[in-house]
Every structure is written in structure tokens, then in C-alpha cells.
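Asks:
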Amino acid sequence: MDPQIEELKELVRQNITLSQETNNIVHGMRSAARWSRLFRMVWIVAILIASGAAYLYFAPYLEQIIDLYNQASGALEQLRAFGGQATNAVQNFTPGQ
Numbered sequence: 105m106d107p108q109i110e111e112l113k114e115l116v117r118q119n120i121t122l123s124q125e126t127n128n129i130v131h132g133m134r135s136a137a138r139w140s141r142l143f144r145m146v147w148i149v150a151i152l153i154a155s156g157a158a159y160l161y162f163a164p165y166l167e168q169i170i171d172l173y174n175q176a177s178g179a180l181e182q183l184r185a186f187g188g189q190a191t192n193a194v195q196n197f198t199p200g201q
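Quick note: the sequence shown uses my numbering, first residue 105, plus one each step.
1) Rounded to a whole number of angstroms, what is the C-alpha to C-alpha distance between residue 181 and residue 188?
2) Determine the direct distance from the alpha carbon of residue 169 to that of residue 184, and round the result to whole angstroms.
3) Need the endpoints of the alpha helix (DSSP H) that residue 186 sits in, please.
4) What's the gap between the Cα of residue 112 and the Cα of residue 120?
5) So with Cβ pairs under 9 Å, would you call residue 189 a contact of chain C?
So, in C-alpha cells, the structure goes:
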């Protein structure tokens, strides 16, 4: 046979082998991408569940803190009002009456 034809056959065999190797690598990459996507979704769901559980756990404590803040704010307003009344009483006070 012609040496050029033999050389072409060998090149075609090498090309087929290389194509099969490339195909296997691409399939592996695709599989890795699928697993990565799955684990990323699981991670996001885990974060959402943990956030919801933390909210449910800490919600009563946060409500108590907010109520305490509102009570302190109301007491401060009453104190300011009393201070204003005391100032008016002192200003209106005239000695000797």
C-alpha cells in the first residue's frame, strides 16, 4: 500500500482516539458541573432553613427587647413632660404668696 494512505489511516486513528479522550473529559466536566449545581442548591436551602429557624427562635426575645425599648421611650417622654411642668411651676412661682 501507499505510505501516504498508511500515514493518513494512522492520523485518523489518532484523531479518533483524541476525540474519544476529549469526549470523556467533557462528560466528566459536565458531571462535575451538575454535582456543583446540586450542592450549591443544597447549600442555599440549608442557609434559608437556618435563617428561618434562627428567626423563629429569636423572635420572642426580639419582641421583648422592642417592648422594653418602647416602655423606656414612653418613660423618657413622661420625664420630659414632667420636667417641662416643673420648669413652668418654678417660673410661675413668686415668693411671698
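All C-beta atoms in this analysis are idealised placements derived from N, C-alpha and C, irrespective of residue type, glycine included.
Replies: In short:
1) Note on geometry: alpha-carbon atoms of residue 181 and residue 188 lie some 11 Å from one another.
2) C-alpha separation (whole angstroms): 22 Å.
3) For residue 186, the enclosing alpha helix (DSSP H) stretches over residues 107 to 196.
4) Rounded to whole angstroms, residue 112 to residue 120 spans 12 Å at the Cα level.
5) The chain inventory of the structure shown lacks chain C, comprising one protein chain alone.
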